[in-house]
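Input: a single structure, listed below in structure tokens.
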Amino acid sequence: MHGKIGWWRRDPELGKLKIQVLYHGRKFTFQRQLGRFKDWEEFKATVEDWEHLEKDISDRIQRGLMEAFWLDLAKKRGEK
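1011 is the number of the first residue of the sequence shown in this note's numbering; add one for each residue after it.
Structure (structure tokens):
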């Protein structure tokens, strides 16, 4: 299974950011976009990003859109 999860975040230094997490092959890739027409760039996720991802995955599991192993992987911070 593969897909993406996204949300907006405000950073004091960079301003409004669009965050996107791609999941595929039991791996998460965090990306951010600094402006609407800017390129996506990979970045190291913060604790808050991981917590937000866990909440989103949990919601998707309840709706039957994702499998539970993705939540387990997110709680381990992407480490297998």
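Built from N, CA and C at the ideal position, the CB exists for glycine as well.
These figures come from a predicted structure and were not determined experimentally.
In three-state DSSP terms, what is residue i?
i, result
"residue 1012", "coil"
"residue 1079", "helix"
"residue 1020", "strand"
Is residue i near residue j, with beta carbons less than 8 Å apart?
i, j, result
"residue 1032", "residue 1042", "no"
"residue 1015", "residue 1082", "no"
"residue 1047", "residue 1059", "no"
"residue 1062", "residue 1017", "yes"
"residue 1064", "residue 1037", "no"
Determine the burial state of residue i: buried for a count of at least 16 other Cβ atoms within 10 Å of its Cβ, exposed for fewer.
i, result
"residue 1055", "buried"
"residue 1076", "buried"
field: Contiguous beta strand (DSSP E) assignments of at least 3 residues, all confined to the stretch 1032-1084
entry: 1037-1043
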